[in-house]
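Residues 368 to 1025 (my numbering) are what the sequence shown spells out, left to right.
Glycine included, each C-beta is placed from N, C-alpha and C at the ideal position.
If you're wondering where the values come from, they're calculated on a predicted model, not measured in any experiment.
Everything on this sheet refers to the single structure shown next.
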Amino acid sequence: MRAARACKEATTLAPQPIHKVLSGLRALAFRLGGDRRGNVAIIFALSLPVIVMLALGGVDIHRITTAKAQFQDALDAAALAAARSPYTTPEELKSITLVNLRANLKGIELEPVQDGDVQVAMNDKSVVIATAQGRVKTLVANIVLPPYGQLLDDTLPVSVRSEVNRSSRDVEVALVLDITGSMNDCAASCSSGRKIDNLKSAAKELIDIVVQDNQSPFYSKVALAPYSMGVNVGDTYADRARGALGSSTQSITAATWLTGSVKTITGITRAYTAVVTASNHGFKNGDIVTIWSAETMAPLNGVALTVGNATTNTFSLLGKDSRYYSAFSGRAYVAKCARADCNIVITMARHGLSPDGDAAVLSGMGGLSQLNDIGFRVAGVSATTATLALDASQAQLANAPMGGAAYTSGGQLVCGVDGCSNRDFVNAAGTWTRFPGTTCVSERAGAQAYTDAAPSTSSWVGRSYAGTGNACPASRIVPLTNVKKTLTDAINGMSAVGSTAGHIGLAWGWYLVSPTFGLWSGAGAPAAYDSTKTLKAVVLMTDGEFNTPYFRGVIAGDAGVGSGGADTHINQPATNGSSFDQAYRLCQNMKAAGVIVYTVGFDIGAAQNMTGPIDSAGELMARCATNPDRAFQASSSTDLSDAFRDIGRDITRLRISR
């Protein structure tokens, strides 16, 4: 990985010596002058002026030839600089050419070039054509032939021409920009502002370089994929990318939980073995019961408890130490369980539940109203039944009404699985959580996880359900466009919040330039994969570790530090593994498809190894880039701007055609 650097082009030109010519002429004169034969002397005397004129004139011809070659090199470099600029008018192109040409002509035996000596224009094929006239001052010819100097002002004219072909391909670039919470911090110092401010400036500089004012015959477009805990695709694309979110319920036809009748608890002691007071409870030693609505003794709610020391109005809870609970108050309820584990079994035609992190929420339960509007951990399933455990719902059961002991009728299973409007799940702390659906998306699972295949019912991208502590960012994707204001307005509106799902941002960078992903239309539709016609590039920028993989729409239980608390993660590992591994596989596949990948690490550590599993952002940035020259490290705002400028120049790189 290399540090950001600015491009500089210059041509070093030096005059050629003429002492060898003069030395040869001197030797010839001595040899002929020393010959004493008469005819030789006469011939020598008559020929000497002509020989001298030819020899000294040859010196000027040599100097002119050398100067013209150097002049050509200088014009080539100046025309290249003009073509790389964003300018299109002859006046603007000429201005850039003159500045660079004069800088490149230093040290060349050429008279100063005047503005009128240079002409520059760009034709309809985006070829910049530059012509220049120069003059080389003669050294000796005007001495031997005085009229020559009087007529030609002691100089000989030279003409040069250069053509530079601006990129003869369309350009499509996706900027994958880190807008996570750490971007609110400063880089090396706060004197240059927050990282997010530095990023905005650098990204807009790249856009100014890449997006040309002249969009014909070749276009240049940029797309934006800002990311934090996910990527916000907005209402326009959400349903088409991850499928519409549903809210349908399933009718419950039977439920088994309790047996006998519900008894009212009027007291529970705080003792090594808790003693419950419930008038005429009817329980026997060894019965398994469960309690609910014990508001001040929450750990007693929704668990299987064993009756001991039963009397008419009291019984002990064997093995239950209540000494450190708050004092009992109010009323609670108890009943004998139909199963030894006190789990609920519900029956319905179909349900879609899974024991892998799902929670089931019930409503309208006739006869068991104490179960309504509470999420229960799914402990097991069959085709038509679901077994629900109470251990994730103690807080809710602590405030449940009395209800009854037997199911009578009705009841609905609320839509809460992945794909519903709300996601009900058991979090990594072991309790029920409900998060709403958002227009953010997570990673795609299954056979198309690392491809740019079009989303469909069998290959939707992942959904994203989020709470307020790590919410879906407000900044949305921007499809390919050449309207700079659209891009800069979106960048200016970005704010830094949330954790780092860089792999999801990277995937959407690819999708935005992919012709097969199929979501984009009109001006935002990418061209077909054909590197001879369209240059496609993705620029991935981050300031930290990728730490936010998902499981079925919720941040996974094995997500990294900084991705939120256990109560915001599902109690399952990430479907596709670590964010780093996912990002690397995406990089490899998009590069194989012909996409150039640039990476910019902002204030992150350098790569420590380039083989084996990737465990740091520095390693990912180094190994994800198309080659080492396209991987940048920036430790300051200046470095970041330099990196984005270098990338912009590289994307619009040019070649000299003649």
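Range of the contiguous beta strand (DSSP E) that encloses residue i
i    : result
W799 : 799-809
F682 : 681-684
D791 : 789-793
L902 : 901-909
L780 : 776-780
C704 : 699-704
R997 : That residue, R997, is in no beta strand (DSSP E); it is neither H nor E in DSSP.
L591 : 587-594
I711 : 711-715
M489 : 485-489
Q500 : 494-504
V928 : Looking at the DSSP string, V928 is not in any beta strand (DSSP E), and its letter there is neither H nor E.
Three-state secondary structure (DSSP) of residue i
i    : result
K651 : coil
W624 : coil
R600 : Correcting the residue identity first, residue 600 is Val in this sequence and not Arg. Coil at V600, not helix or strand.
Q437 : helix
V466 : helix
W875 : helix
V643 : strand
R744 : strand
T935 : helix
G731 : strand
I475 : coil
P666 : helix
G516 : Its pLDDT being 48, under 50, G516 is placed unreliably in this model, and the value from its coordinates should be taken loosely. In this structure, G516 counts as helix in the three-state DSSP scheme.
Q617 : strand
K461 : helix
G968 : strand
Assigned exposure category for residue i - 16 Cβ within 10 Å defines buried
i    : result
T432 : exposed
A699 : buried
A750 : exposed
K461 : buried
S683 : buried
V503 : buried
A381 : Any reading at A381 must be qualified, since the residue scores a pLDDT of 36, below 50, and its modelled position is unreliable; the value itself is stated next. Result: exposed.
S618 : exposed
G876 : buried
E986 : buried
A890 : exposed
S831 : buried
A370 : At A370 the pLDDT is 45, less than 50, meaning the model places this residue with poor confidence; the figure from the coordinates comes in the next sentence. That one is exposed.
P822 : buried
A621 : exposed
Y639 : exposed
S587 : buried
C-beta contact flag for residue i and residue j at 8 angstroms
i     : j    : result
F331  : T966 : Since the first residue shown for the chain is 368 and the last is 1025, residue 331 is missing from the structure and cannot be characterised.
G844  : V600 : Note that residue 844 is Ile in the sequence shown, not Gly. Yes. Within cutoff.
L1007 : A569 : yes
A796  : A933 : yes
T663  : A694 : yes
A765  : L755 : no
D1013 : D545 : no
G869  : S946 : yes
I319  : G597 : Outside the modelled stretch of the chain, which goes from 368 to 1025, sits residue 319, for which no answer is possible.
A605  : V531 : no
V629  : G734 : no
R607  : L886 : yes
R744  : A726 : yes
Element boundaries [alpha helix (DSSP H), containing residue i]
i     : result
D537  : Run containing D537: none in the alpha helix (DSSP H); it sits in the beta strand (DSSP E), 537-545.
A851  : The sequence shown places Lys at residue 851, not Ala. Element bounds for K851: 851-859.
R1016 : 1004-1018
S946  : 946-959
E572  : 562-577
L987  : 984-991
L764  : 761-764
### Query
Is the stretch 686-702 close to the stretch 603-620, with three or more CB pairs under 8 angstroms?
With contact defined as three or more Cβ pairs closer than 8 angstroms, the stretch 686-702 and the stretch 603-620 are not in contact.
### Query
Touch check for the stretch 645-661 and the stretch 907-925: three-plus C-beta pairs under 8 angstroms?
At 8 angstroms Cβ cutoff, the stretches do not touch.
### Any 3 or more C-beta pairs closer than 8 angstroms across the stretch 810-825 and the stretch 848-865
They do not touch, by the three-pair rule.
### Task
Count the C-beta pairs between the stretch 892-910 and the stretch 829-842 that are closer than 8 angstroms, then say yes if the count reaches three, no if not.
No, they do not touch.
### Task
Taking 8 angstroms as the threshold, find out whether the stretch 805-814 comes into contact with the stretch 942-962 through three or more Cβ pairs.
Touching, per the Cβ criterion.
### Query
Are the stretch 581-595 and the stretch 659-679 in contact at 8 angstroms, needing three or more beta carbon pairs?
The stretch 581-595 vs the stretch 659-679: no contact.
### Query
Counting Cβ pairs, one atom from each stretch, are 3 or more of them under 8 angstroms apart for the stretch 773-791 and the stretch 715-725?
Segments in contact, yes.
### Query
Quick one: any contact between the stretch 788-802 and the stretch 891-898, if contact means 3 or more CB pairs under 8 angstroms?
By the Cβ rule, the stretch 788-802 does not count as touching the stretch 891-898, because fewer than three pairs are nearer than 8 angstroms.
### Message
I want to know whether the stretch 443-457 touches the stretch 477-491 - three or more CB-CB distances under 8 angstroms.
### Response
Under the three-pair Cβ rule at 8 angstroms, the stretch 443-457 counts as touching the stretch 477-491.
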